[in-house]
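First the structure, in the form of structure tokens, and then the observations on it.
Protein chains: 2
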Amino acid sequence: MKKDLKQEIIDAALQLFQTHGYNGVTISQIVAHVGASKGGFYHHFKAKDELLYEIHDVFITYVLEEAKRTEEMYATPIAKLCALLQSFTAAFHKYQAHITVFYDESKSLLDSDREVIKQKRDAYRKILQHVIIEGQQSGDFRTELPPTIVTMSITGMVNWSYKWYKQDGTMTMAQITAIFIDMILRSIITQQGAQEASEYVIQSANNEAGFIF
Amino acid sequence: MKKDLKQEIIDAALQLFQTHGYNGVTISQIVAHVGASKGGFYHHFKAKDELLYEIHDVFITYVLEEAKRTEEMYATPIAKLCALLQSFTAAFHKYQAHITVFYDESKSLLDSDREVIKQKRDAYRKILQHVIIEGQQSGDFRTELPPTIVTMSITGMVNWSYKWYKQDGTMTMAQITAIFIDMILRSIITQQGAQEASEYVIQSANNEAGFIF
DNA sequence: GTGTGAATACCGACCAGTCGGTTTGTTTTA
DNA sequence: TAAAACAAACCGACTGGTCGGTATTCACAC
Chain B
1 MKKDLKQEII
11 DAALQLFQTH
21 GYNGVTISQI
31 VAHVGASKGG
41 FYHHFKAKDE
51 LLYEIHDVFI
61 TYVLEEAKRT
71 EEMYATPIAK
81 LCALLQSFTA
91 AFHKYQAHIT
101 VFYDESKSLL
111 DSDREVIKQK
121 RDAYRKILQH
131 VIIEGQQSGD
141 FRTELPPTIV
151 TMSITGMVNW
161 SYKWYKQDGT
171 MTMAQITAIF
181 IDMILRSIIT
191 QQGAQEASEY
201 VIQSANNEAG
211 FIF
Chain L
1001 MKKDLKQEII
1011 DAALQLFQTH
1021 GYNGVTISQI
1031 VAHVGASKGG
1041 FYHHFKAKDE
1051 LLYEIHDVFI
1061 TYVLEEAKRT
1071 EEMYATPIAK
1081 LCALLQSFTA
1091 AFHKYQAHIT
1101 VFYDESKSLL
1111 DSDREVIKQK
1121 RDAYRKILQH
1131 VIIEGQQSGD
1141 FRTELPPTIV
1151 TMSITGMVNW
1161 SYKWYKQDGT
1171 MTMAQITAIF
1181 IDMILRSIIT
1191 QQGAQEASEY
1201 VIQSANNEAG
1211 FIF
């Protein structure tokens, strides 16, 4: 039950950063929150920046590795895309606070730290973008849409949920993800890809095929 | 040419908040940036919080008023939705820095200020959500999708562009908006709505109808 | 008794906000 | 019309408090 102090500090910091921002929280507040002392903090962290960096790195490293595994595991662009979205949103339970800090507070990273994080984030985006391009080449995704914009649109739609998703809401993240996948697939699919996509999509009551061309 | 000091301070603050965050910027830095003094600052603002509030309020008031006007101006849910998206993204040139501050720094608002802003933001979201519901009732938008999730998906996709859109990039915001509208319409439209939607959508080369059911 | 994890006390830098004062502009008055 | 009176805009040194970080000591396991 008793975690080590370092992890307790990280957890408390996540909670506090989420609501007050990195620069709105002091080290004294963090350690007070876990009943520890500043001495304890500086035993585990060289500086406050290091704490922020670790929060960023733990999250993006996890997401990136997960995306690499997922991308290899599936064969078709459509299956890859759906699996990527699911693997990302599945991380919400454990990482929603990380995500909030990641997207709101990265400007407070040291320049050198931010560069390291940026490279991993770019690597992640490239995986997603590559799947989109693959799908366009295979004829499953519409080629009228620039892959960069499609990638950012998908990223935005999914990422934005960190601003509004409540763990105790009426819908689970899995249910919401099903809707994301439905909307995304319908927006980028070609007639050719429609059949495979229909496996992942919500069927409408009065339309067996389930797609609009 | 010479603006008043208050506006110069706001402009400098926008720029600095955008890159360093509200709590990462000092009043001395802001006034140094415009060659003014702290006395000058406190002549125009009661406190630092007031500056942050004004940035929030100017933006959300503009967007809300614009949305009200737009919603009244068009007749059908599809036309309303497209116009709403266009009116929002049109604000990017003037307001991208405001948007960044609005979405990243609202946690630093005073509780009382945040409540005022929240109400205007909710009013804006309700307008969008109402258009979605109207479209479902008229049979133009798919009823399988919960309107709340659709609203947040659209909001996320469009809002997220504040993180990646560069004014000097290869695409204009108008071009990007056309792609947003295309993707969003295709993801929520019914067969019934397809005809009207085809006016707003990017036509594919090898598919006259332009829609996938 | 040596190393590791944690507490306490403290420091120097910095920051939001203040305050007395100066400059600039505008109105009143003789 | 020029000077006097007033007001608004602005300046910058100063302060009280806070924060990140450090030095030192303490506890105790092996």
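Those protein sequence lines, which keep their order, are chains B and L.
The working numbering puts the first sequence at residues 1 to 213.
The working numbering puts the second sequence at residues 1001 to 1213.
Each residue gets a CB set at the ideal place from its N, CA and C atoms; glycine is no exception.
Cα-Cα separation between residue i and residue j, rounded to whole angstroms
| i | j | result |
| --- | --- | --- |
| residue 199 (chain B) | residue 1154 (chain L) | 23 Å |
| residue 1083 (chain L) | residue 32 (chain B) | 50 Å |
| residue 105 (chain B) | residue 21 (chain B) | 7 Å |
| residue 208 (chain B) | residue 201 (chain B) | Because residue 208 (chain B) carries a pLDDT of 48, less than 50, the predicted location of this residue cannot be relied on, and the following value inherits that uncertainty. Between residue 208 (chain B) and residue 201 (chain B), the C-alpha separation is close to 12 Å. |
| residue 92 (chain B) | residue 165 (chain B) | 9 Å |
| residue 23 (chain B) | residue 17 (chain B) | 8 Å |
| residue 36 (chain B) | residue 9 (chain B) | 9 Å |
| residue 1015 (chain L) | residue 1097 (chain L) | 7 Å |
| residue 109 (chain B) | residue 58 (chain B) | 14 Å |
| residue 56 (chain B) | residue 1139 (chain L) | 44 Å |
| residue 1129 (chain L) | residue 1137 (chain L) | 12 Å |
| residue 1067 (chain L) | residue 1180 (chain L) | 17 Å |
| residue 1150 (chain L) | residue 1182 (chain L) | 15 Å |
| residue 1177 (chain L) | residue 1028 (chain L) | 39 Å |
| residue 101 (chain B) | residue 13 (chain B) | 10 Å |
| residue 147 (chain B) | residue 132 (chain B) | 6 Å |
| residue 1127 (chain L) | residue 1189 (chain L) | 19 Å |
| residue 1030 (chain L) | residue 1011 (chain L) | 9 Å |
| residue 1118 (chain L) | residue 171 (chain B) | 23 Å |
| residue 7 (chain B) | residue 69 (chain B) | 26 Å |
| residue 48 (chain B) | residue 99 (chain B) | 19 Å |
| residue 1 (chain B) | residue 34 (chain B) | Confidence at residue 1 (chain B) is low in this model, with a pLDDT of 37, below 50, so the placement of that residue should be treated as unreliable; the coordinate-derived value is given next. Distance between the alpha carbons of residue 1 (chain B) and residue 34 (chain B): 14 Å. |
| residue 1078 (chain L) | residue 81 (chain B) | 28 Å |
| residue 46 (chain B) | residue 111 (chain B) | 16 Å |
| residue 1044 (chain L) | residue 169 (chain B) | 43 Å |
| residue 38 (chain B) | residue 1038 (chain L) | 33 Å |
Reference residue i, options the options, closest by Cα
| i | options | result |
| --- | --- | --- |
| residue 1192 (chain L) | L:1141, L:1204 and L:1166 | L:1141 |
| residue 1071 (chain L) | L:1088, L:1055 and L:1030 | L:1088 |
| residue 1120 (chain L) | L:1051, L:1060 and L:1069 | L:1060 |
| residue 1095 (chain L) | L:1150, L:1038, L:1181 and L:1167 | L:1167 |
| residue 1116 (chain L) | L:1081, L:1050 and L:1079 | L:1050 |
| residue 62 (chain B) | B:148, B:90, B:147 and B:77 | B:90 |
| residue 1122 (chain L) | L:1190, L:1012, L:1133 and L:1152 | L:1152 |
| residue 1195 (chain L) | L:1099, L:1172, L:1076 and L:1111 | L:1076 |
First through last residue of the alpha helix (DSSP H) which encompasses residue i
| i | result |
| --- | --- |
| residue 1157 (chain L) | 1147-1159 |
| residue 1087 (chain L) | 1077-1090 |
| residue 1128 (chain L) | 1111-1138 |
| residue 1186 (chain L) | 1173-1188 |
| residue 1214 (chain L) | The structure shown does not extend to residue 1214 (chain L), since chain L is modelled only from 1001 through 1213, so no value can be given for it. |
| residue 1057 (chain L) | 1048-1073 |
| residue 1165 (chain L) | Unbroken run through residue 1165 (chain L): none, as it is neither H nor E. |
| residue 253 (chain B) | Shown here, chain B extends from 1 to 213; a query on residue 253 (chain B) therefore has no answer. |
| residue 1193 (chain L) | 1191-1197 |
Beta-carbon separation (whole angstroms), residue i vs residue j, contact threshold 8 Å
| i | j | result |
| --- | --- | --- |
| residue 1162 (chain L) | residue 1064 (chain L) | With a Cβ gap of about 17 Å, residue 1162 (chain L) and residue 1064 (chain L) do not count as contacting. |
| residue 1156 (chain L) | residue 157 (chain B) | 5 Å |
| residue 174 (chain B) | residue 185 (chain B) | About 16 Å; that fails the 8 Å criterion. |
| residue 204 (chain B) | residue 1144 (chain L) | 6 Å |
| residue 40 (chain B) | residue 5 (chain B) | 6 Å |
| residue 1053 (chain L) | residue 1113 (chain L) | 5 Å |
| residue 74 (chain B) | residue 159 (chain B) | Between residue 159 (chain B) and residue 74 (chain B) the Cβ distance is about 22 Å, and since that is not below 8 Å, they are no contact. |
| residue 19 (chain B) | residue 1107 (chain L) | 6 Å |
- Message: Any C-beta of chain L within less than 8 Å: which residues of the segment 158-192 of chain B qualify?
- Response: 158, 159, 160, 161, 163, 164, 171, 176, 179, 180, 182, 183, 184, 186, 187, 188, 189, 190 and 191
- Could you list the residues in the segment 1099-1117 of chain L with a C-beta less than 9 Å from some C-beta on chain B, going in chain order? 1103, 1104, 1105, 1107 and 1108
- Message: Output needed in chain order: residues of the segment 1-25 of chain B with a Cβ under 7 Å from some Cβ in chain L.
- Response: 19, 20, 21, 23 and 24
- Query: Listed from N- to C-terminal order along the chain, which residues in the segment 131-147 of chain B have their beta-carbon within a distance smaller than 9 Å of any beta-carbon of chain L?
  - Reply: 142, 143, 144, 145 and 146
- Task: Taking only beta carbons into account, state which residues of the segment 1024-1053 of chain L come closer than 8 Å to chain B, listed in chain order.
- Result: 1024
- Closer than 8 Å, Cβ to any Cβ of chain B: which residues of the segment 1076-1092 of chain L, in chain order? none
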